[in-house]
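In C-alpha cells:
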C-alpha cells in the first residue's frame, strides 16, 4: 500500500485512472519479462494458443475477442500451477500484402512488417500475456526455410506430386485455388467465381491420410461436434464398387476400351439407362472430335467451365448435357447405354464417369426428364402399384412411370435378373450379391472412395514461400539441396508493373544441383496454408537453427491443450494442420497424432445492428474506440461478459459502459475493504498475514459469517466457470461477490469489521478478476493489498465447500401447487421437521380440510395436497 493511502485516520481512495494504470503495468511487465515461458518440468504443462492473425492492418474487435479468451485462459492456468506456453505470431505471407504493396507503391515486406509492428503494439496495449521472445512471422527466412525443408522431406517420402489436371483459377487473384478454398462456389478470399483450367501444378498427397484423418476424428473428444462433422463430410468416405463398362463399337459389340465408374449403389446397376461423363473427362474429345456431336458437347464443356463446382453439383440448378453419339455396354445385361456429357458430373468424385440411374437419384431423374431418357424402376416397396408387374426376373424396362421425382433408394429389387426380389440398399444382400457377381465376371470389385482430393499448393503469386525445386533440361525436376535453403525471395520486383517471379532472372536463373548445368528455378510459391499448418510446432522451439523442432521441445509442449479460433477454418486450416502433424510424425520429427486437444470456436462480434463487421461496410469497431475512453481492462471485461465464448454477439456500447461502472465500483469496494482492514489490524501487512493464517467462522458475527460463506460459495462457482470457459457467468459470480462485500461494509461499523475477512474478500475478488482485468488487479494488488508480485504469479485461491454451505435455506410451502408461504429453515432439517414446519405455517389455510399427501423436497419446497 502506498504511503499516500496508508493512513489509519482517514480512508483515502485513489481515483481509478485506467490510462495511467495500464501504461504503468505494461511497462513493468515488459521490463521484468513477466510473460517469458518458465519451462519448469516440475509443473504440468498447458499450451494455450489462439489462431494467429494475418497482418492486413491493425487488429479489430474479432481479434480482440479471440485473444482475450485465450489470455484469460492462459493467465488462470498459470495461477492454477501450470507451466504455460502462450505464444503469438503472424501468418504473414499472402495475397493481401501483395495487393496492398501494389496499391501503396511499396514492397510487401515493408507493408507487412509495418503492420506486424503496429499489431504487436496493440496487443501489448490490450495486456495480452504473450511470450514475445517466441514471436513467429511466417515471412521470416528462418521460418520459411523450415517450411521448405519439410516440403523436401515430404517429397522424399512420396507425398509430393506434380501433375497436369483441371484446377480452380481465380481471375481476380490471378492464382489457382485448392478445392477447400472454393466456398459456396466462390474464391474464399475475394468472392469471385473461379474458372476451371488445365494446368500443371504441385500437390501434397493428403489423400494418403484420408482414412486416418477420418478415423481419428473420433479421438477429438473436446472438439465441437459441428467441426468434426464438417471434416467427416469433407473427407467424404463412400463404400461401394468400381464397375468396368466397355465402350461399344459401331455394331453395338463391346470393345477392349473400358471406362470405370464408382458407385455406392451397385445394387441398382440393372436400372442404369444412360452413361455420363464429366466435361473434363480425359477421353471425351476422342469420342466426339470430327463428329456431328462435337459442337453440342463443346457447348456443355463451355457452360461447365463458367460454372463453379458447387453450383454444378447442386441438385437445385438446371442440368446441361449433350449426347456423344457413342454407347457403353452394361456388364450385367449387355444393354447399350447412350453416353452423354453432363455438367453436374465432376472429376473430383469417383472417376468422372457415372452410370445414370434415374429411378433412385434425383439429379439423374431431372436429367432424364429433361432429355427424355428412360427411367426404369429398379427398386420398389411391395406396396407400390408397379411392384406386382415388375417383381420378376424378366427385363421389362417400364419407362412410363407416374413420378415427378426419384423414388427412395431402399426397398426390393425388381427387373434385376437373378437378383430380383432381394433387399436393396447400401450394405444390403442385393448389393453384396451383385458385387460378388461382378468380381466373378472380372468386371467389378469392392471399392472405397473419398471426396477428399490432394491439396493443390501451387500459387502463381510472389509473396509466398518459394517451392524448393529446379527444372533442368537434362535431369528433369530436382529438389534444391537442404544446404542451399532457404530459397530466398527477391526484394527487387516491380509489382506495380506486373512483374512476377517468372519474369525475374535474378530469381529463376539457377544451376542444376545434379549436373551443374544451367537450370530454371521453380517460380510457383506455396499456398500460405502450408505456413499455418505447422506454426504451432515452431512456437515450441522458435530459435532452433538445426531443425524445425526438437523432439525434446515437441515432447514437452505438444499437443496444444487449448486452441481458440473461428469455425470458418474447420476445413482449411484445421484439416491441413492435422495432415501436416501426421506427416511430420511419420517422418520422425514428432511423436503426436493430433495437433490440438481442445478446440474452442469463438463466436463472431457483430455491430449494434447485428451485421457482420467488415471494412467494406465501414462498421468495424477498433479496440482503440474502447481503450481510449475506458481502458483495455474494460474492453476485455465487456468482451467476456456480454456472451459465452462460443456465441455470436452484437457489440453493445451500453454493456461496455456498464462494465466500466462495475470496475469502478469494485475498485472503490476493494480499496475501502483494504483500508478498513489496515486500520483494524494495524497495517495491511498484518491483515494479510492474519488472512493467510485462516479465518475461524466462530469469531465472526452474523454479517461476517454471511460474507465468508459468499467468498467460498462464489469462489467455487467462479473457479468452476473458468474451468468450463464460461467467463460471462464467472464474471457474474464476481459481481455477486462484490455486492456481498459491499453489503458487509454497509452493515458494519468500521471499528467492528474483521480485518482478515476484509483482506480475504479484497484479495480473492482481485485475484479471480485478474485474468480478465490484469492491469486493474495488479494495481490493486500492489497499492492496496501489499502484494510484492504481479497477480500473474499469485496462486489461485482455494475454497472450502463446507464453508460455502449455508446454515439456513429458504423453502416454499405450496398447497395444491400454489405458493402459500416461505420459510427459513435449518439447512440440515429432516423431512419430518420440514413437513411439521410447513403444516404449522399454513395451519389457518388448512382449517376444515383433510391433508391427503405431503411432498417434501429438501432444501426447496413442501407441497401439501388437501381437500
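Numbering (full-length UniProt numbering), first residue to last: 1 to 867.
Beta carbons are placed, not taken as given, at the ideal position from N, Cα and C, and that holds for glycine.
Note that the coordinates shown come from a computational prediction; the quantities given were computed from them, not determined experimentally.
message = Once the 5 residues before and after residue 72 are set aside, which same chain residues still bring their CB inside 7 Å of it?
response = Indexing the chain shown from 1 puts residue 72 at position 72. Residues 640, 727, 771, 772 of the same chain have their beta carbon placed closer than 7 Å to that of residue 72, with the five preceding and five following residues left out of the count.
ask   = residue 379 and residue 411 look like a contact to me (Cβ under 8 Å); what is the Cβ gap, rounded to whole Å?
value = Mapped onto the chain shown, residue 379 falls at position 379. Mapped onto the chain shown, residue 411 falls at position 411. With 8 Å as the limit, residue 379 and residue 411 qualify as a contact, their Cβ atoms being about 5 Å apart.
Chain-order list of residues whose beta-carbon lies under 7 Å from that of residue 775 (same chain, five-residue window excluded) = Here residue 775 refers to the residue found at position 775 of the chain shown. Here the set comprises 21, 22, 25, 127, 632, 633.
message = Excluding the 5 residues flanking residue 806 on each side, which residues of the same chain have their C-beta closer than 7 Å to its C-beta?
response = As a position in the chain shown, residue 806 is number 806, starting the count at 1. Correct list, in chain order: 709, 827.
task = Could you say if the region 164-182 and the region 132-151 meet the contact criterion of at least three C-beta pairs nearer than 8 Å?
result = The answer is no - the region 132-151 does not touch the region 164-182, with fewer than three Cβ pairs under 8 Å.
query = Can you tell me the Cα-Cα spacing of residue 105 and residue 368, whole angstroms?
reply = Taking the first residue of the chain shown as position 1, residue 105 is located at position 105. Taking the first residue of the chain shown as position 1, residue 368 is located at position 368. Distance between the alpha carbons of residue 105 and residue 368: 56 Å.
query = Is residue 820 closer than 8 Å to residue 809 when the C-beta atoms are compared?
reply = As a first step, residue 809 is located in the chain shown; it is residue number 809 there, counting from the start. As a first step, residue 820 is located in the chain shown; it is residue number 820 there, counting from the start. Cβ distance not < 8 Å, so residue 809 and residue 820 don't count as in contact.
ask   = When burial is assigned at 16 or more other CB atoms within 10 Å of the CB, is residue 65 buried or exposed?
value = Residue 65 sits at position 65 when you count from the first residue of the chain shown. Counting Cβ neighbours within 10 Å, residue 65 comes out buried, since at least 16 surround it.
key: Span separating the alpha-carbon of residue 518 from that of residue 477   = Taking the first residue of the chain shown as position 1, residue 518 is located at position 518. Taking the first residue of the chain shown as position 1, residue 477 is located at position 477. Near 13 Å, if we compare the C-alpha coordinates of residue 477 and residue 518.
ask   = With 16 as the cutoff for other CB atoms within 10 Å, does residue 857 come out buried or exposed?
value = Position 857 of the chain shown, counting from 1, holds the residue named residue 857. By the 10 Å Cβ count, residue 857 comes out exposed.
key: Beta-carbon gap between residue 750 and residue 676 smaller than 8 Å   = The residue given as residue 750 occupies position 750 in the chain shown. The residue given as residue 676 occupies position 676 in the chain shown. Yes.
6 Å Cβ shell around residue 854 - same chain, five flanking residues per side excluded = Here residue 854 refers to the residue found at position 854 of the chain shown. Excluding sequence neighbours, residue 854 sits near 835, 864.
query = Nearest CA to the CA of residue 158: which residue from 150, 475, 164?
reply = The residue labelled residue 158 in the question sits at position 158 within the chain shown. Measuring from the Cα of residue 158, the nearest candidate turns out to be 150.
task = Could you check the C-alpha separation between residue 345 and residue 320 for me, to the nearest Å?
result = For the purposes of this step, residue 345 is identified with residue 345 of the chain shown, where counting begins at 1. For the purposes of this step, residue 320 is identified with residue 320 of the chain shown, where counting begins at 1. Rounded to the nearest angstrom, the two C-alpha atoms are 10 Å apart.
task = Can you have a look at residue 798 and say buried or exposed, based on whether 16 or more other CB atoms are within 10 angstroms of its CB?
result = Mapped onto the chain shown, residue 798 falls at position 798. Answer is exposed; the Cβ neighbour count stays below 16.
query = Which partner residues does residue 201 have in the DSSP bridge list?
reply = Here residue 201 is taken as the residue at index 201 of the chain shown, counted from 1. For residue 201, DSSP records a beta bridge to 163.
ask   = Would DSSP call residue 423 helix, strand or coil?
value = Here residue 423 is taken as the residue at index 423 of the chain shown, counted from 1. If DSSP states are grouped into helix, strand and coil, residue 423 belongs with the strands.
request  = Tell me, please, whether the region 574-584 touches the region 595-613 by the rule of three or more beta-carbon pairs shorter than 8 Å.
outcome  = Verdict: yes, contact present.
request  = Please look up how many angstroms separate the CB atoms of residue 637 and residue 663, rounded, as I've assumed it's under 8 Å.
outcome  = Start at 1 with the first residue of the chain shown, and residue 637 comes out as number 637. Start at 1 with the first residue of the chain shown, and residue 663 comes out as number 663. Indeed, because the Cβ distance is near 7 Å, the residues count as touching under 8 Å.
inquiry  = Between the alpha carbons of residue 45 and residue 815, how many angstroms are there, rounded?
reply    = Stepping through the chain shown from its first residue, residue 45 is reached at position 45. Stepping through the chain shown from its first residue, residue 815 is reached at position 815. Cα to Cα, the separation comes out at about 56 Å.
ask   = Secondary structure at residue 414, three-state DSSP: helix, strand or coil?
value = Counting from one through the chain shown, the residue named residue 414 turns up at place 414. Note: residue 414 maps to coil in three-state DSSP.
query = How big is the Cα-Cα spacing for residue 608 and residue 621?
reply = Sequence index remark: in the chain shown, residue 608 carries index 608 (1-based). Sequence index remark: in the chain shown, residue 621 carries index 621 (1-based). Approximately 10 Å between the Cα atoms of the pair.
key: Given residue 227 as reference, the closest of 791, 565, 746, 852 once Cα atoms are compared   = Numbered from its first residue, the chain shown carries residue 227 at position 227. Here the closest residue by C-alpha is 565.
message = Less than 8 Å between the beta carbons of residue 175 and residue 460, yes or no?
response = Within the chain shown, the letter at position 175 stands for residue 175. Within the chain shown, the letter at position 460 stands for residue 460. Contact: yes.
message = Please return the same chain residues whose Cβ sits closer than 7 Å to the Cβ of residue 946, not counting the five positions on each side in sequence.
response = Only positions 1 to 867 of the chain appear in the structure, and residue 946 is not among them; the question remains open.
message = Let me confirm a value: residue 9 is counted as buried when at least 16 other C-beta atoms fall within 10 Å, else exposed. Which label applies?
response = Looking up residue 9 in the chain shown gives position 9. Because residue 9 carries a pLDDT of 39, less than 50, the predicted location of this residue cannot be relied on, and the following value inherits that uncertainty. Counting the other Cβ atoms within 10 Å of the Cβ of residue 9 gives fewer than 16, which makes it exposed.
ask   = Going by DSSP, what residues sit across from residue 222 in a beta bridge?
value = For the purposes of this step, residue 222 is taken as residue 222 along the chain shown, with counting starting at 1. Looking at the DSSP output, residue 222 shares a beta bridge with 598.
inquiry  = Whole angstroms are fine: how far does the CA of residue 388 sit from the CA of residue 246?
reply    = Here residue 246 corresponds to residue number 246 of the chain shown, with the count starting at 1. Here residue 388 corresponds to residue number 388 of the chain shown, with the count starting at 1. Answer to the nearest angstrom: the Cα atoms are 33 Å apart.
query = Would a C-beta distance cut-off of 8 Å place residue 495 and residue 504 closer than the cut-off?
reply = One-based indexing of the chain shown puts residue 495 at position 495. One-based indexing of the chain shown puts residue 504 at position 504. No.
query = With respect to the alpha helix (DSSP H) encompassing residue 242, which residues constitute its N-terminal and C-terminal limits?
reply = In the chain shown, counting from the first residue as 1, residue 242 sits at position 242. Residue 242: not part of any alpha helix (DSSP H); member of the beta strand (DSSP E) spanning 237-248, first to last residue.
query = Span of the alpha helix (DSSP H) holding residue 366?
reply = Here residue 366 is taken as the residue at index 366 of the chain shown, counted from 1. Bounds of the alpha helix (DSSP H) holding residue 366 are 362-371.
query = Taking the alpha-carbon positions, what's the residue 180 to residue 692 distance?
reply = As a working note, residue 180 is residue 180 in the chain shown. As a working note, residue 692 is residue 692 in the chain shown. Between the C-alpha atoms of residue 180 and residue 692 there is a straight-line separation of about 57 Å.
ask   = Any idea what DSSP makes of residue 720, helix, strand or coil?
value = Along the chain shown, read from residue 1 onward, the residue named residue 720 stands at position 720. Under the three-state reduction of DSSP output, residue 720 falls in the helix class.
task = Take the Cβ of residue 867 as the centre, count every other Cβ of all protein chains shown within 10 Å, and call the residue buried at 16 or more, exposed below.
result = Counting from 1 along the chain shown, the entry for residue 867 is found at position 867. So residue 867 ends up on the exposed side.
task = Please check the pair residue 161 and residue 348, which I expect to be a contact at CB under 8 Å, by giving their CB distance rounded to whole angstroms.
result = Along the chain shown, read from residue 1 onward, the residue named residue 161 stands at position 161. Along the chain shown, read from residue 1 onward, the residue named residue 348 stands at position 348. Going by Cβ atoms, the distance from residue 161 to residue 348 rounds to 16 Å, so no, they are not a contact pair.
query = Is the beta carbon of residue 276 less than 8 Å from the beta carbon of residue 354?
reply = Numbered from 1 along the chain shown, position 276 holds the residue referred to as residue 276. Numbered from 1 along the chain shown, position 354 holds the residue referred to as residue 354. Between residue 276 and residue 354, the C-beta gap is smaller than 8 Å, which places the two residues in contact.
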